[in-house]
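Enquirer: The opening residue of the sequence shown carries number 0 in numbering that gives the first Met the number 0; numbering runs sequentially from there.
Just so it is clear, CB atoms sit at the ideal spot from N, CA and C, and this is done for glycine as well.
As the structure is a prediction and not an experimental result, all values here were calculated from the model.
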Amino acid sequence: MSALTILCCPAHYVQGAGAINQLGHHIKQIGTIPLLVSSDSAWNRSGHLVAASLEAAELPVHRAGFQGYTTPSAVDGLVEKIRTGGHDVIIALGGGSAIDAVKAAGHLAGIRWASVPTAASSDAPTSALSVIYNDDGEFLEYRFFPHNPDLVLIDTQMVADAPDRFLIAGIGDALATWLEARATARGTGGTMAGGRPTRTGTALAKLSWELLWENALPAIDAVRAGVVTPALEAVVEANTLLSGLGFESGGLAAAHAIHNGLTAAPQTHGLTHGQKVNIGSLTQLVLEGAPTQEVEDFVEFTTRVGLPNSLTEIGLSPDSPELTAVAADATKEGETIHNMPFPVTAEMVLAALKAIEGISRRVRAQRGLPEPQLIQH
Ligand SMILES: [Zn+2]
């Protein structure tokens, strides 16, 4: 591994209530014939605001629908639309799947790309990589690009209007960032940006963690009330910007590798990225022998947030045969789990996964929290 340290980041990050009204102004700096990509549900909720903003900037409004997982064929389909429409910038409006597809298609077509997340549900919007799945939702590969989005624009009123489960998922994704950056900094591994972690990336990952512990619960209250508060602004920045910069330039480790492994268990396919990542975070804490107080506080906090931290909640148990495949996939060659500051085997991951069920149940009982229940999705 090179001793170089590398930081990469989006060219512009715009956040706030009503930010969507500025979309046309910002897109006009980077292109003239945008292609908007969104699911029907995102378009039905926000399409009129997006169209009005583009029209105010005298930009044409062309939209392509997007459903399902970010698969190689979905990406290739968007490249075809870019070529036939003569587009010079592609904009994702929606969640992580549309955003990852747009980044991959924009790169293949050689045009610029922008992320307009409609919820703070993952840190996908800021990064220079996409996660590609097969048609069944199983992890296939990471694709890396030579630059980050030219623009990330997130309207916090849209976040407040979206279902709370999206924000909760984003909190799960973002909580992992510090745990993984800390582990990568302690070891000798590299980041997704390509070098050793910058101090900046590691510090931003820690800031994300601190903002979440302080603001996550009142931010969820704000979304349930449909309003934007300073706590929600802080969590949106943590979930979208800080977690993105923190993971990409601070390093991923066990939590995301275990997430990728979990996609081998069909029981997990309806879960959000952040829900699966949170199982990975607790498993990483057990795997690294974190202090008992830290493990127990993590179980309590994530239970209060509404994130799963037991096998029961994700449709598995310590006896599930799928856990062997999960542990094997999480420790494949090239997986980020090998950024941990000690060698990790599939047997170690299997043991940690089996252990989290009892830890979660004991901590909940000790701290007056409800027993884990299967998440309905
Ligand atoms: Zn993630």
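Do residue 160 and residue 219 come within 8 Å of each other at the CB atom, strictly closer than that value?
Expert: For the purposes of this step, residue 219 is taken as residue 220 along the sequence shown, with counting starting at 1. For the purposes of this step, residue 160 is taken as residue 161 along the sequence shown, with counting starting at 1. Cβ atoms of residue 219 and residue 160: not closer than 8 Å.
Enquirer: What separation, rounded to the nearest whole angstrom, lies between the Cα atoms of residue 27 and residue 56?
Expert: Mapped onto the sequence shown, residue 27 falls at position 28. Mapped onto the sequence shown, residue 56 falls at position 57. If you take the alpha carbons of residue 27 and residue 56, they lie about 7 Å apart.
Enquirer: Let me check understanding here. Comparing Cα to Cα, which of 232, 140, 216, 193 lies closest to residue 17?
Expert: Taking the sequence shown and counting its residues from 1, one reaches residue 17 at position 18. With distances taken between Cα atoms, residue 17 lies closest to 232.
Enquirer: Go ahead and pull the three-state DSSP assignment for residue 373.
Expert: Taking the sequence shown and counting its residues from 1, one reaches residue 373 at position 374. The answer is coil: DSSP assigns residue 373 none of H, G, I, E or B.
Enquirer: Which parts of the region 283-314 are runs of the alpha helix (DSSP H), unbroken and 4 residues or longer, counting only runs that do not cross its ends?
Expert: With a minimum length of 4 residues, the continuous alpha helix (DSSP H) runs that stay inside the region 283-314 are 291-304.
Enquirer: Rank 230, 317, 289, 278 by C-alpha distance to the C-alpha of residue 301 and give the top, closest one.
Expert: For the purposes of this step, residue 301 is taken as residue 302 along the sequence shown, with counting starting at 1. Of the candidates 230, 317, 289, 278, the one whose C-alpha sits nearest the C-alpha of residue 301 is 278.
Enquirer: Hey, which residues come within less than 6 Å of ligand 1, measuring from Cβ to any heavy atom, in chain order?
Expert: Output, sorted by chain position: 121, 122, 172, 255, 272, 276.
Enquirer: Below 6 Å CB to CB, which residues in the same chain sit around residue 193 once its five sequence neighbours on both sides are set aside?
Expert: Within the sequence shown, the letter at position 194 stands for residue 193. Once the five neighbours on either side are set aside, the close Cβ partners of residue 193 are 5.
Enquirer: Do residue 123 and residue 99 have their C-beta atoms closer together than 8 Å?
Expert: For the purposes of this step, residue 123 is taken as residue 124 along the sequence shown, with counting starting at 1. For the purposes of this step, residue 99 is taken as residue 100 along the sequence shown, with counting starting at 1. In this structure, residue 99 lies closer than 8 Å to residue 123 by Cβ.
Enquirer: Residue 307 and residue 374 - do their beta-carbons sit closer together than 8 Å?
Expert: Translated into the one-based positions of the sequence shown, residue 374 becomes position 375. Translated into the one-based positions of the sequence shown, residue 307 becomes position 308. Contact: yes.
Enquirer: How long is the line joining the alpha carbons of residue 64 and residue 38, rounded to whole angstroms?
Expert: Position 65 of the sequence shown, counting from 1, holds the residue named residue 64. Position 39 of the sequence shown, counting from 1, holds the residue named residue 38. Residue 64 and residue 38: Cα-Cα distance of roughly 5 Å.
Enquirer: Could you pull the DSSP bridge partners for residue 4 from this structure?
Expert: Within the sequence shown, residue 4 is the residue found at index 5, counting from 1. Answer is 195.
Enquirer: Which residues mark the beginning and the end of the alpha helix (DSSP H) in which residue 365 is found?
Expert: As a first step, residue 365 is located in the sequence shown; it is residue number 366 there, counting from the start. Start and end: 345-365.
Enquirer: Can you grab the Cα-Cα spacing for the pair residue 353 / residue 328, in whole Å?
Expert: Taking the first residue of the sequence shown as 1, we reach residue 353 at position 354. Taking the first residue of the sequence shown as 1, we reach residue 328 at position 329. Roughly 16 Å separates the two Cα atoms.
Enquirer: Taking C-alpha atoms, which residue in 266, 297, 332 lies nearest to residue 320?
Expert: Taking the sequence shown and counting its residues from 1, one reaches residue 320 at position 321. That would be 266, whose Cα lies nearest to the Cα of residue 320.
Enquirer: What does DSSP give as the partner residue(s) for residue 64 in the beta ladder?
Expert: Sequence index remark: in the sequence shown, residue 64 carries index 65 (1-based). Per DSSP, 37.
Enquirer: Over the uninterrupted beta strand (DSSP E) stretch that includes residue 226, give me the two end residues.
Expert: One-based indexing of the sequence shown puts residue 226 at position 227. Careful: residue 226 lies outside any beta strand (DSSP E) and carries neither H nor E.
Enquirer: Would you say the region 172-185 touches the region 33-47, given that touching needs at least three Cβ pairs under 8 Å?
Expert: They do not touch, by the three-pair rule.
Enquirer: Would you call the CB atoms of residue 125 and residue 240 closer than 8 Å?
Expert: Here residue 125 refers to the residue found at position 126 of the sequence shown. Here residue 240 refers to the residue found at position 241 of the sequence shown. Yes, they are a contact pair.
Enquirer: Inspect the CB distances between the region 185-205 and the region 331-343 and report whether three or more fall short of 8 Å.
Expert: Short answer: they touch.
Enquirer: Check residue 165 in the structure and name its three-state DSSP category.
Expert: For the purposes of this step, residue 165 is taken as the residue at position 166 of the sequence shown. Here residue 165 sits in helix by DSSP.
Enquirer: Would DSSP call residue 113 helix, strand or coil?
Expert: Here residue 113 corresponds to residue number 114 of the sequence shown, with the count starting at 1. Three-state result, residue 113: strand.
Enquirer: How about residue 343 and residue 253: do their beta carbons lie closer than 8 Å?
Expert: Taking the sequence shown and counting its residues from 1, one reaches residue 343 at position 344. Taking the sequence shown and counting its residues from 1, one reaches residue 253 at position 254. Yes, they are a contact pair.
Enquirer: Quick check: what's the CA-CA separation for residue 362 versus residue 221?
Expert: Stepping through the sequence shown from its first residue, residue 362 is reached at position 363. Stepping through the sequence shown from its first residue, residue 221 is reached at position 222. One C-alpha to the other measures close to 27 Å.
Enquirer: So, for residue 257: in the same chain, excluding its five sequence neighbours on each side, which residues have a beta-carbon less than 6 Å away from its beta-carbon?
Expert: On the sequence shown, residue 257 is found 258 positions in, with the first residue counted as 1. Once the five neighbours on either side are set aside, the close Cβ partners of residue 257 are 279, 282, 329.
Enquirer: Cα-Cα, which of 234, 223, 217, 216 is closest to residue 204?
Expert: The residue labelled residue 204 in the question sits at position 205 within the sequence shown. Closest option to residue 204, Cα to Cα, is 234.
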